[in-house]
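From first to last, the protein sequence lines are chains A and B. Residue numbers for the first sequence follow the working numbering, so the first one is -2 and each next one is one higher. Residue numbers for the second sequence follow the working numbering, so the first one is 32 and each next one is one higher. Structure first, then comments.
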Amino acid sequence: MFIHLRLDIYKMFKKIILIIILISLVGFISSQDFNDPEYLNGLNTSELLDLFNSGDLNFSILNNENFMEMILLDENLSLIDNQQIFNEINSRASKDVSILNENPTIKKKWFSAKYGLDDQGAQLKKISFVPSSENDVIVETFGKDATIFNPKDNIGAKVTQEGGLILMDGTEVNRGNLTKINGTLNVFDGALDLTNSSGQDFFFNNSILKIGDKEYSIRNGQMGYFNLNNGVASFKGEGITEKDLVSGQIVSKFGGGVKIDESGNKLLGEKTSYLSYSNGEASTGFVVRKTTELVLTGNCNPSQSCIKYSDRKMQIYPQDNEMDIFSFDKSVDSIKVNQIQGQGKVIFFENDESPVGAIMTKDNFFLGGDDANFNTDITGEFTVNGQKFTQTYLEGGRLVTQNGNVMGGVGGLKPDEGLIYQSILKSRNKGDERVYKETTKSNLGIEGEDIYLRNGFLDNTLLLEEEGTNLPEIDKRDENLFSLTEIYQLNSDVVSPTNEIETFASYGKTRNLAIEDALNVAAEKKIISVRSKYTESDVHAQINDDYFRHEFSWNIGETNTGVFIKNYKAKEISFDEWAEKTGTTMDDLIKKELEEDYYFYEVEVEYGELNRNSP
Amino acid sequence: MLSFKNKTYFNYPMNKKGQVTIFIIVGLILVVGVVLFFMFRENIFVDPVNPVETNAITTFVQECINSISEEGIYFISLQGGYYKTPAPKVDYLTIEIPVYFEVDKENIPSKETVGNELVKYIEDNLPVCVDNFKSFKQRGIEVTSEDISGTAEIKEEKILLEIDYSLTVKQGTSKSKIKNPFESQLNFDFNSKYSIVQKIVNNQKENPGFLPLGFITNLAYNEGFSYETISVDEKNTIISLAFIELNKPEQSFVYSFAVRYL
């Protein structure tokens, strides 16, 4: 009995020992295999998945192929949802991004699993960890739209086959390095298409933004801010260029703050400069101190600071704003400046090469620069000591009116754009010797329209007592005659026809002078007939031996009765026709001389009126 | 015989020095008397020219002064108040126009200066007008003249002239002096034009680099003149104001001056 008992104990002990040995052996063998890359990589994916599910798999020692195959074993790729696996993918991809490129389904799942991005087949160039982050990665794509972005910052975006992004709002990122700083997107070296965007805002640098057929870019080193809201695009920053993608030409360059609505109208923010281009050349510029609406279609709200610019005409409601306006290519024909308030100021510059400018304040108009090159018609409303009035500066001041009355003008002998004809006659009579010279800027055509005449006359007589002591009294003077006629052409829209036509017969030593003579008579006759104030200044002086007679002519009448000729037509006629029309009779000798030396013309003139409300 | 010595009302003794002084005075009186006698003996013993002729000459000269002074004020106004324009000035055609404003420097002639310039004009041009009194010479009257001088005072709405023009008239053996100086009043309101110009120059200071056309235009509208500005070159602009005088509507009075910009 005792022996049996001892034998049973002994057998039991042996079994226990054996079990212990077996268990130890199994444990030894198992633990050794799970850490053996050779062993693990020798297992099939199913065995690996079992090990992973049992929690015994050390997948870090798996090679990429097996690791990815293990993931692929589940057709739902549910392993990627596992944070450990996901982190492992990030880790492996940061070292060899091809594991994702070669496993598109994993890549697609990887993009969507944690970031909600829709991969449409992008090839990845690089994946790197965000500095100071263990899990966040930055993705760099391959392709023509290669983009660098943090998937976490672009949740919901599509990653296109070309490597770009289509963000949730519809913005297409076709290139660029996207980061998010303090919750706001930053685009560097980017190309974004916002045509289909429902709304977006970001900072951008060295980037191109496309909206419809327009492209906006900012030069390197400059940071801009863009906002798109309800179809209104807003820009802040310096050195922003707007380009038309259809023509391929620059539309504008601006700095400061500009809002552009769908109609193309702009809202220029404080301290903003906006320069529009035409055919690739700088055309019209605006620099505003306060917020100003730039209306290209529609009308201004007169109670706000606003500039309406269309059909080469500009209407300005300055309020108390300070604004500089530049017309580099003379594309502005006329400007109307409504009453300026307070310390407001409108400065208008014309011509880039030889600048000329006008400054308008609430009570004054200043002109500066090379006024001979100033051609814009400017109308301004002013108030001085409670007196309100309107001044018009036609062709940059060539003719100045106040409340419709011509008060003066910027003139002189300098030729300018409006001047179509100028003749200077010099005649010198020294004893029996007579010298005559005609200097003509351009020939006077036999037809003309919308013209305005100016005249000047100078008689400079030198006494010849010393050298001409034997001369008769009348020849003791050497007479220098100087006469000037200038014919300007006004804009056709400022002169209306009166349907009043008259014909004048004239003669002159040249064809120019004959036509000019008729036009002078026509102009003078009209002035007299309408009782306009046509004045002359005729000054005589004796300075030492020089005798001067200086004559100036002005027309200072009502503008609608001024010296304006709407049209004229000149026809050369014979001496006899001229004599008949003028009722002239003379003996044959003089007639012969005249016929030989002079030209005879008949000039039909249609008178015009200056429109009071022009421009 | 009563001698000075004995005159009782010289109630103090005369010393030798006092006697010498008296002799000098008496001597001088005698000498001056003799000189004056020889100087004016012709006038004393020569018949005066017929007053009708001297009056005609006076009227002729007076009219010349009136006419030349009017011409003069028109001319010197064309040259900004100067007959002979000092620097800084701008040459334009044959006239010289003074620069009234240059950067921040104002250079408007005073009314006294303008008056003096008018006198200079008269000094030079009056002889041209009287033309050696040829019309009188034909009638046997010879007029000799001395240098012209005078003063011109610019007052409200008029200019007062006092022209010193010594004339001697000889007709045959007759000889007369014409009453001198000639006084003339030019009913011309230079003062108001001058004041307008001052206002323009003051306004120019507001914006020294630019021509104050708005101010000039409004002034022209309110004061009834017209204007023209001429850019002579990049820096110099001439401003000419043209006024119509009621008594001379056919000829504008032109006041010109220049401004010089940087």
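No residue lacks a Cβ here, since even glycine has one placed at the ideal position from N, Cα and C.
Pro101 (chain A): member of the alpha helix (DSSP H) spanning 101 to 112, first to last residue. Contact of Leu364 (chain A) with chain B by beta-carbon distance below 7 Å involves Phe241, Leu242, Leu244. In terms of Cβ geometry, Val285 (chain B) and Leu272 (chain B) form a close pair [threshold 9 Å]. When C-beta distances to chain B are compared with 9 Å, the residues of the region 387 to 406 of chain A below that value are Gln388, Tyr390, Gly394, Val397, Thr398, Gln399, Asn400, Asn402, Val403, Met404, Gly405, Gly406, in chain order. By the CB criterion at 9 Å, Glu259 (chain A) and Arg286 (chain A) fall outside the cutoff. For the region 142 to 163 of chain B, the set of positions with a beta-carbon nearer than 7 Å to some beta-carbon of chain A reads Asp155, Asn156, Val159 in chain order.
Residues of chain A with a Cβ closer than 8 Å to the Cβ of Tyr252 (chain B) are, in chain order, Phe386, Gln399, Asn400, Asn402, Met404. Close CB contacts of Phe362 (chain A) within its chain, under the 8 Å cut and outside five residues either way in sequence, are with Ala355, Ile356, Ile375, Gly377, Phe379, Gln388, Tyr390 (chain order).
Going by DSSP, Ile58 (chain A) is part of no beta strand (DSSP E) at all; its letter is neither H nor E. When C-beta distances to chain A are compared with 7 Å, every residue of the region 193 to 208 of chain B stays at or above that value. For Asn171 (chain A), the three-state secondary structure derived from DSSP is strand. Lys165 (chain B) has its alpha-carbon roughly 14 Å from the corresponding atom of Leu198 (chain B).
Leu586 (chain A) carries a helical assignment under DSSP once its states are collapsed to helix, strand and coil. Pairing Ser270 (chain A) with Ser328 (chain A) gives a Cβ-Cβ distance that is not under 9 Å.
Exposed is the label assigned to Ala118 (chain B), since fewer than 16 other Cβ atoms lie within 10 Å of its Cβ.
The CB of Val381 (chain A) comes closer than 8 Å to the CB of Asn249 in chain B, given here in chain order.
As computed with DSSP, Pro129 (chain B) is found in a beta bridge with B:Lys120. Asp150 (chain A) is positioned such that its CB atom lies closer than 9 Å to that of Leu182 (chain A). Note on geometry: alpha-carbon atoms of Phe283 (chain A) and Leu114 (chain A) lie some 44 Å from one another. Every alpha helix (DSSP H) stretch that sits fully inside the region 82 to 164 of chain A and reaches 4 residues is listed by chain position as 95 to 98, 101 to 112.
Among the CB atoms of chain A, none fall inside 9 Å of the CB of Ser226 (chain B). Taking 9 Å as the threshold, the shortest C-beta distance from Asn238 (chain B) to chain A falls below it. Taking a Cβ-Cβ threshold of 9 Å, the residues of chain A close to Thr260 (chain B) are Leu364, Asp368, Gly394, Gly405, Gly406, Val407, Gly408, Gly409, in chain order. No Cβ of chain B is located within less than 9 Å of the beta carbon of Ile332 (chain A). Here Val150 (chain B) carries a helix assignment [DSSP, helix/strand/coil]. Excluding five sequence positions before and after Ala90 (chain A), the CB atoms of its chain that fall closer than 7 Å to its own CB belong to Ile96, Leu97, Ile124, given in chain order. Excluding residues up to 5 positions away in sequence, Asp195 lie with their Cβ nearer than 6 Å to the Cβ of Ser180 (chain B) in the same chain. Taking 8 Å as the upper bound for CB-CB distance, Ile231 (chain B) and Ile209 (chain B) are not in contact here, some 43 Å apart.
Around Lys333 (chain A), the same chain offers Gln312, Thr376 as residues with beta carbons nearer than 6 Å, after the five sequence neighbours per side are excluded. Membership of Leu277 (chain B) in any alpha helix (DSSP H) is not indicated, and neither H nor E is assigned to it by DSSP. Contact of Asn234 (chain B) with chain A is assigned, a C-beta pair being separated by under 9 Å. Counting other Cβ atoms within 10 Å of its Cβ, Asp594 (chain A) stays below 16 and is therefore classed as exposed.
A straight line joining the alpha-carbon of Tyr113 (chain B) with that of Asp162 (chain B) spans about 24 Å. A residue is called buried when at least 16 other Cβ atoms come within 10 angstroms of its Cβ; Val136 (chain A) meets this threshold and is buried. Two segments are said to touch when three or more pairs of C-beta atoms, one from each, lie closer than 8 Å; by this definition the region 499 to 516 of chain A touches the region 587 to 603 of chain A.
Ser257 (chain B) belongs to the set of residues whose beta carbon lies under 9 Å from a beta carbon in chain A.
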